[in-house]
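A.B. asks: For the sequence shown, position 19 (counting from the first letter as 1) is numbered 19 according to the UniProt record's numbering, and the numbering increases by one without interruption.
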Amino acid sequence: MTQTIHHAPVAHLFAAPVFHRSASVARMGAARGLLREKADLEVGAQATSIPAPVRAAFRRRASQAGRRAMTMLRDASL
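1) Measure how close the beta-carbons of Leu41 and Ala62 come, nearest whole angstrom, since I'm counting them as under 8 Å.
2) What would DSSP say about Gln46, mapped onto helix, strand or coil?
3) For a quick check, are the C-beta atoms of Ala31 and Arg68 less than 9 Å apart?
4) By the DSSP assignment, the alpha helix (DSSP H) with Pro51 in it spans what residues?
5) Closer than 8 Å by C-beta to Leu35: which residues in its own chain qualify, once you throw out the five before and the five after it? Chain order, please.
6) Taking the alpha-carbon positions, what's the Ala45 to Glu37 distance?
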């Protein structure tokens with residue numbers, strides 16, 4: 001008697017990944033952390049006791065954190 005070998009369909013190997021809710025929640029948590037960092041940097045950028053080049057660096061880092069957060073939130077909503 002010969003054995004019958006059953007193969008799984010190959011179509012599932014090439015399907016688009018399915019993101020579960022936990023992946024979106026993790027991204028939103030990371031984005032929330034970046035937005036908190038942005039807010040802290042903006043407060044630091046307003047301090048007059050800090051030299052102007054350092055305040056400018058704070059503003060640049062705040063802008064970068066905001067852009068990264070918005071990208072994460074946009075990706076999480078897809």
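Ideal placement from N, C-alpha and C gives every residue a C-beta, glycine not left out.
C.D. replies: Per the coordinate set shown:
1) Indexing the sequence shown from 1 puts residue 41 at position 41. Indexing the sequence shown from 1 puts residue 62 at position 62. Confirmed, Cβ separation roughly 4 Å.
2) Within the sequence shown, numbered from 1, the residue matching residue 46 stands at position 46. It is coil, neither helix nor strand.
3) The sequence position of residue 31 within the sequence shown is 31, counting from 1. The sequence position of residue 68 within the sequence shown is 68, counting from 1. Yes, Cβ-Cβ distance for Ala31 and Arg68 is below 9 Å.
4) Here residue 51 refers to the residue found at position 51 when the sequence shown is read from its first residue. Note, Pro51: premise wrong, no alpha helix (DSSP H); not H, not E.
5) Taking the sequence shown and counting its residues from 1, the one referred to as residue 35 is at position 35. The residues are Ala65, Gly66, Ala69.
6) To locate residue 45, count along the sequence shown from 1; it is residue 45. To locate residue 37, count along the sequence shown from 1; it is residue 37. Their Cα atoms are separated by approximately 12 Å.
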